[in-house]
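In the UniProt record's numbering, the protein residues as written are 1 to 165.
What follows is the structure in structure tokens.
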């Protein structure tokens with residue numbers, strides 16, 4: 001009986017192939033939200049540059065120019081995400097995804113399908129908490145977007161300018 005062991009080079013090729021497969025499978029999936037390190041300097045809001053601090057009110061946008069590489073942008077508040085996206089030339093690309101935390105449990109949900117309740121204390125004071133089911137008085141995504149811009153006009157909240165001066 002021949003009990004010959006495979007050569008070391010063969011084992012090495014097998015291990016490298018297995019490692020490559022694992023790395024490829026564990027990378028960015030190309031869709032959906034990604035993990036956020038809250039209260040860490042590594043994840044900051046793309047618009048206001050504040051540290052991501054609250055896992056109940058943050059948002060993510062996955063997108064980029066049509067035909068270009070998609071990437072994930074993180075935001076500390078849905079208000080920052082909405083305004084920032086509207087400033088991007090690729091804002092209307094149908095492949096753009098917007099994710100927001102459900103304010104009750106922190107789970108990521110599709111922002112365009114979410115319902116928004118007002119009166120929450122949020123990082124940038126837009127006051128909107130997302131949820132995956134309707135509630136009395138809850139706003140749709142488009143209504144929430146309008147509310148964000150209404151607050152910007154009314155309070156000039158985060159533009160860096162103060163009214164009346």
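For every residue, glycine included, the Cβ atom is placed at its ideal position computed from N, Cα and C.
Just to confirm the assignment: which complete beta strand (DSSP E) runs, minimum length 3, are found wholly within the stretch 25–94? Those beta strand (DSSP E) runs which fall completely within the stretch 25–94 and span 3+ residues are 59–63, 71–75.
Given this structure, state the Cα-to-Cα distance separating residue 23 from residue 30, to the nearest angstrom. For residue 23, the predicted model reports a pLDDT of 40, less than 50, meaning its position is unreliable; a value from the coordinates is still stated below. Taking the straight line joining both Cα atoms gives about 14 angstroms.
Might you give, ordered along the chain, the residues of its own chain that have their beta carbon closer than 8 angstroms to the beta carbon of residue 70, omitting 5 neighbours on each side? Closer than 8 angstroms at the Cβ level, and outside the excluded window around residue 70, lie 30, 62, 63, 64, 95.
For residue 113, collect the residues of the same chain with a Cβ closer than 8 angstroms to its Cβ; drop the 5 residues on either side in sequence, then sort them by chain order. Once the five neighbours on either side are set aside, the close Cβ partners of residue 113 are 132, 141.
When 53, 47, 74 are compared against residue 32, the one with the closest alpha-carbon: Nearest of 53, 47, 74 to residue 32, Cα basis: 74.
Let me know the beta strand (DSSP E) ranges lying completely inside the stretch 122–162, each 3 residues or longer, listed in chain order. Complete beta strand (DSSP E) runs here, min 3: 129–131.
Please report the straight-line C-alpha distance between residue 118 and residue 109, rounded to a whole angstrom. The alpha-carbon of residue 118 is positioned some 17 angstroms away from that of residue 109.
Using three-state DSSP, classify residue 23 as helix, strand or coil. Note that residue 23 scores a pLDDT of 40, beneath 50, so its modelled location is shaky and nothing firm can be said.
Pair within 7 angstroms by beta-carbon distance, residue 34 and residue 72: It is a contact, given that the beta carbons lie within the stated cut-off.
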